[in-house]
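Numbering (the working numbering), first residue to last: 212 to 341. From the three backbone atoms N, C-alpha and C, an ideal C-beta is built for every residue, glycine too.
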Amino acid sequence: MTHAETLRRVGSYLVVIADEHGWPEELSGTLGRVVVRAKVRPSAHRVAVKHLEYLYRKPERIRWLNTAVSTTGSGLVGGASHLLTEESTPSDAARLATTLARTEDSADVVPCTRPADGAPRRSGTGTGSR
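See below:
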């Protein structure tokens, strides 16, 4: 708790992921000053976007996650947007952001599309993920 208190004073924080049964909040009054409890898990889409923007410094890749419906009505605008769903976890999003950040830097590369049969396939002229 001392470390968490020090981090709070300098404007930083420590993230601990636990459920209500695995965190002994009632055992210490100190926890009330340093614990912020999230009631819902964060949006996987938002986690991926923030990882691309701040962790990997690749904000131009956020467009690959665009969830707007295409003007042709044939799917979503972002080539990788279908890879995250409501059921996706933050760790799924973090892994996807890592993959997108490492993907070849080319305007011709669309990270992934799905054909009509639903099977994933690579598209574009680049080599994609390494």
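Rounded to whole angstroms, the gap between the alpha carbons of Thr283 and Val251 is 34 angstroms.
Contact annotation: Thr278 and His256 have beta-carbon atoms nearer than 9 angstroms.
One Cα belongs to Lys269, the other to Ser254, and the distance between them is close to 19 angstroms.
A straight line joining the alpha-carbon of Ser285 with that of Trp275 spans about 16 angstroms.
Of Ala259, Thr300, Thr213, the smallest CA-CA separation from Thr310 is found for Ala259.
Among the bridge pairs identified by DSSP, Val280 is matched with Leu287.
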